[in-house]
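Enquirer: Right, I'll just put the structure down here and ask away after.
There are 2 protein chains.
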Amino acid sequence: MASMSAQSPAGTPPTSEDVARAAGVSRATVSYVLNNTRGGRVSEATRERVREAARQLGYVPHAVARALRAGRSGVVLLTAPAVTAGPLFAQFFAELQSALSELGYTAVLYGPTGHRGAEAARRWAELRPDAVLSLMDDSLDEHAVDVLHRAGIGVVVSAGPAPVAGAHALVADQVQVGAMAVEHLVAVGRRKIGVIVPADVSLRGFAEPRLSGAETAARAHPSATVVRQELSLDEGAAAQWAELVVETRADGLFAYNDEYASVAVRALQDAGLRVPEDVAVVGADDLLIGRLLRPKLTTVRMDFTPAREIAAMLDRLIGAPDTPTEARSYLRTGLVIRESA
Amino acid sequence: MASMSAQSPAGTPPTSEDVARAAGVSRATVSYVLNNTRGGRVSEATRERVREAARQLGYVPHAVARALRAGRSGVVLLTAPAVTAGPLFAQFFAELQSALSELGYTAVLYGPTGHRGAEAARRWAELRPDAVLSLMDDSLDEHAVDVLHRAGIGVVVSAGPAPVAGAHALVADQVQVGAMAVEHLVAVGRRKIGVIVPADVSLRGFAEPRLSGAETAARAHPSATVVRQELSLDEGAAAQWAELVVETRADGLFAYNDEYASVAVRALQDAGLRVPEDVAVVGADDLLIGRLLRPKLTTVRMDFTPAREIAAMLDRLIGAPDTPTEARSYLRTGLVIRESA
DNA sequence: TTGAAAGCGGTACCAC
DNA sequence: GTGGTACCGCTTTCAA
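Just so you know, the sequences run in chain order A and B. Per UniProt numbering, the first sequence runs over residues 1 to 341. Per UniProt numbering, the second sequence runs over residues 1 to 341.
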């Protein structure tokens, strides 16, 4: 490492006052120049002097101070439980992040707080975000919404399976996913259908609605039955589970997502069952893994509302925080038929 | 939705002054009570009155104001290029987030700004984070570090393939990954080795070091050669790529990660080649898909330094910002031998 | 045991 | 054209 860069150990950073002094003007003028406020009310000569001084000193405005004065932080808080591990979420978050950033907001991701409801909401509220978008996070309940409103946060949006009283809602109808899968299984002649729910409890928020959609769909057909089965992404456990399937002679399977479906398919094959001949399998989320396995997985894909649109919606609501709560659907589902069912 | 909660459209939120008024004390006293400052210097009666007033009003402290006054924001800024860098990253981020949160920090994830170097750093600096942790983000260069230091941010850490002058470094030695893979391929008798680099340029920061490690390892063995091959996660492209492998008669393959390896294995099999007999394949990152594919993938797994340790390190550095820059390794690599090589 | 008041760094109104 | 100054909400000395 040749370069040294003097290891400047961060003295007191320059403030707008330092810039003012260096340029021989007032703090007010510095503010005007640096923010391009007041069209031509500052002479070009002064402007140049101010800008030069700022550059010299390495001045960077203090967003915290600005936020305090402005009464708005420019922060959009995204709350999410542990589900953040999923590939879909990561992708969505990245896009939302970037869309918000283009609109001048800072996206802050707030993971599990170890609290729920009002208690969690107090944590969020301390940051005084301009909006809270709660993604599949069941710690946002009615009390939480109330705390946020009372803390002056006008825009609260829940994105999840069900709306929350007092908040705008992006309804992600996970129920549809399960329904669509089971309808297809029934359509291809399957009657004894297993539904795989992840053992990982942090995924229950998604999993249970998918299950209940599956159950509802089955009820529509007299001879179809659905049985709930837990599975973890562990091959040992999967082998054991496969025995169960052999015993119960299930002929159809809907798995929580393509990862679980893949593990399941492997285990079934290892147990001597053929997919789809003996057991037809439908996954969900259209993940890469489903296209690589043989047979290729039939899956229910979800198309989320583009992050850009959601960012725009947040921006709009922040501009008009008294808009009555609205609810809209947040994803569309579609069946992708491949080889496994 | 029965309950109404008055849809309170966020009037002016209560401040500590409101609480003071309601409790019949001064703002100072409110602050003391709510922060448990000054051991027993406030009477129990007063404390109770203050707490009750705060509860009544739904008071939530204003973190922005607090940060301004305190001179530290409690924010740890994580910068990352494309967050999409894979499932490993998402997992790591979630853990770090939670570890920091336990230490009282707020983790803010800042995606690509559309700027690099000093310009990007100015964006980050505006938030006055207590620390900046730059994850595999090549927009952090020497100038950026300088901007951050001048803005009073004492703790700047780069986590990536190479250290950056002036910043602490968590060195993730991706080079080792490639080296380890190729050494194994050579050890099992392969000489003509293809290395798959993702076509997705956002992954280059990881991919190139892995490739160069592969090249170095090959040079250590006189008869071994390495040839770089681009591939995207698209089956059409993969089929075409497989033709190339058939022609060139490569007998070993190291793919960027297990996803790429899986796509590659599929394409090879579809082209009539046997794995590992004709072509031995090594992947990386030990992803789920590698265990589900047949043959099971041999892979190079990476064990990152636990997020908890990194959070602790950041906390320590924030407490002593003048610590001379230190560098430490950030991951350990290990070969997981399965069936594909 | 409690309160008055001086800031933290910016912004924007109003005066000159 | 430019500058003085009163805030934003909170913490923390110092004095009472």
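Each residue gets a CB set at the ideal place from its N, CA and C atoms; glycine is no exception.
9 Å is my cut-off, CB to CB: does GLY334 of chain A come that close to chain B?
Expert: No, its Cβ sits nowhere closer than 9 Å to a Cβ of chain B.
Enquirer: Leaving out five residues before and five after ASP322 of chain A in sequence, what residues of the same chain have Cβ atoms less than 6 Å from its Cβ?
Expert: Counting only Cβ-Cβ distances below 6 Å, and skipping sequence neighbours, we find nothing.
Enquirer: Less than 9 Å separating the beta-carbons of VAL177 of chain A and PRO209 of chain A?
Expert: Their beta carbons are under 9 Å apart, which means VAL177 of chain A touches PRO209 of chain A by this criterion.
Enquirer: Closer than 7 Å by C-beta to ALA341 of chain B: which residues in its own chain qualify, once you throw out the five before and the five after it? Chain order, please.
Expert: Cβ neighbours of ALA341 of chain B beyond the five flanking positions: HIS184, LEU185, VAL188, PRO276, ALA280, VAL281, VAL282, THR298.
Enquirer: Contact between the region 330-337 of chain B and the region 303-312 of chain B is defined here as three or more beta-carbon pairs at a separation below 8 Å; is this criterion met?
Expert: Short answer: they touch.
Enquirer: Please decide whether ILE318 of chain A counts as near chain B, where near means a Cβ-Cβ distance under 9 Å.
Expert: For ILE318 of chain A, the answer is no, since every Cβ of chain B falls outside 9 Å of its Cβ.
Enquirer: Bridge partners for ARG228 of chain A per DSSP, in chain order?
Expert: Beta-bridge pairing links ARG228 of chain A to A:VAL195.
Enquirer: If you follow the beta strand (DSSP E) that ALA131 of chain A is in, where does it begin and where does it stop?
Expert: Looking at the DSSP string, the run of the beta strand (DSSP E) that includes ALA131 of chain A is 131-135.
Enquirer: Using a Cβ-Cβ cutoff of less than 6 Å, which residues in the same chain neighbour PRO9 of chain B once the five nearest sequence positions on both sides are dropped?
Expert: Confidence in PRO9 of chain B is poor, its pLDDT being 48 and thus under 50, which makes the residue's placement too unreliable to answer from.
Enquirer: Please go through the region 254-299 of chain B and give each complete alpha helix (DSSP H) segment of 4 or more residues, from N-terminal end onward.
Expert: As far as the region 254-299 of chain B is concerned, its whole alpha helix (DSSP H) runs of at least 4 residues are 258-270, 288-292.
Enquirer: Taking the Cβ atom as the reference point for each residue, do residue 369 of chain B and SER43 of chain B lie within a distance shorter than 9 Å?
Expert: Missing from the structure shown is residue 369 of chain B; chain B here goes from 1 to 341 and no further.
Enquirer: LEU231 of chain B and ALA264 of chain B: beta carbons closer than 9 Å?
Expert: Cβ distance < 9 Å, so LEU231 of chain B and ALA264 of chain B count as in contact.
Enquirer: Checking 9 Å against the spacing of the C-beta atoms, do residue 377 of chain B and ASN257 of chain B come in under that value?
Expert: Outside the displayed range of chain B (1 to 341) lies residue 377 of chain B, so it cannot be described from this structure.
Enquirer: For VAL42 of chain B, which residues in chain A fall below 9 Å Cβ to Cβ?
Expert: Near VAL42 of chain B there are no residues of chain A at all, since even the closest Cβ is about 22 Å away, more than 9 Å.
Enquirer: Taking any Cβ of chain B, which residues in the region 28-56 of chain A have a Cβ under 8 Å from it, in chain order?
Expert: Listed in sequence order: no entries.
Enquirer: Need the endpoints of the alpha helix (DSSP H) that VAL175 of chain B sits in, please.
Expert: That run of the alpha helix (DSSP H) goes 174-187.
Enquirer: What residue does the beta strand (DSSP E) around HIS168 of chain B start on, and which one ends it?
Expert: Unbroken beta strand (DSSP E) run through HIS168 of chain B: 168-171.
Enquirer: Run the CB neighbour count on PRO222 of chain A, radius 10 Å, all protein chains shown included, and call it buried at 16 or more, exposed below.
Expert: Per the 10 Å Cβ criterion, exposed.
Enquirer: Would you list, in chain order, the members of the region 246-270 of chain A that have their beta-carbon closer than 7 Å to a beta-carbon of chain B?
Expert: Within the region 246-270 of chain A, the residues whose Cβ lies closer than 7 Å to some Cβ of chain B are GLU259, SER262, VAL263, ARG266, listed in chain order.
Enquirer: From ALA218 of chain B to ALA131 of chain B, what distance separates their C-alpha atoms?
Expert: Cα to Cα, the separation comes out at about 40 Å.
Enquirer: What does the alpha-carbon distance come out to for the pair ILE153 of chain A and GLU119 of chain A?
Expert: Rounded to the nearest angstrom, the two C-alpha atoms are 16 Å apart.
Enquirer: Beta-carbon of THR12 of chain A versus every beta-carbon of chain B: anything under 9 Å?
Expert: So, interface residue.
Enquirer: What does the Cβ neighbour count give for PRO324 of chain B, buried or exposed, with the cut at 16 atoms within 10 Å?
Expert: Answer is exposed; the Cβ neighbour count stays below 16.
Enquirer: Can you find a CB in chain A that lies within less than 9 Å of the CB of PRO209 of chain B?
Expert: It does not: the Cβ of PRO209 of chain B has no partner Cβ on chain A nearer than 9 Å.
Enquirer: Taking buried to mean at least 16 other C-beta atoms within 10 Å of its own C-beta, is ALA6 of chain B buried or exposed?
Expert: Because the pLDDT at ALA6 of chain B is just 38, under 50, the model does not fix this residue reliably, and the point stays unresolved.
Enquirer: How many angstroms separate the CA atom of PHE92 of chain A from the CA atom of ALA107 of chain A?
Expert: Roughly 13 Å separates the two Cα atoms.
Enquirer: So, for HIS168 of chain A: in the same chain, excluding its five sequence neighbours on each side, which residues have a beta-carbon less than 6 Å away from its beta-carbon?
Expert: For HIS168 of chain A, where only same-chain residues beyond five positions count, the Cβ hits under 6 Å are VAL157, THR325, GLU326.
Enquirer: Out of A:VAL155, A:ALA125, A:VAL175, which has the shortest C-alpha to C-alpha gap to ALA320 of chain A?
Expert: Taking only the C-alpha atoms, the option nearest ALA320 of chain A is A:VAL155.
Enquirer: Quick check: the Cα distance between ALA165 of chain B and VAL145 of chain B, rounded to an integer number of angstroms?
Expert: Between ALA165 of chain B and VAL145 of chain B, the C-alpha separation is close to 8 Å.
Enquirer: Would you list, in chain order, the members of the region 218-235 of chain A that have their beta-carbon closer than 7 Å to a beta-carbon of chain B?
Expert: Result list: LEU233, GLU235.
Enquirer: How many whole angstroms separate the CB atoms of ALA261 of chain A and GLY290 of chain A, which I take to be in contact at a CB cut-off of 8 Å?
Expert: About 7 Å; that satisfies the 8 Å criterion.
Enquirer: If you reduce the DSSP assignment to three classes, tell me which class LEU103 of chain B lands in.
Expert: Reduced to three states, the DSSP call for LEU103 of chain B is coil.
Enquirer: At least one CB of chain A closer than 9 Å to the CB of ALA63 of chain B: is that the case?
Expert: Closer than 9 Å to some Cβ of chain A, the Cβ of ALA63 of chain B qualifies, so yes.
Enquirer: Counting only beta-carbon atoms, is ARG301 of chain A nearer than 9 Å to chain B?
Expert: It does not; no Cβ of chain B falls within 9 Å.
Enquirer: Helix, strand or coil for VAL19 of chain B per DSSP?
Expert: Correct three-state label for VAL19 of chain B: helix.
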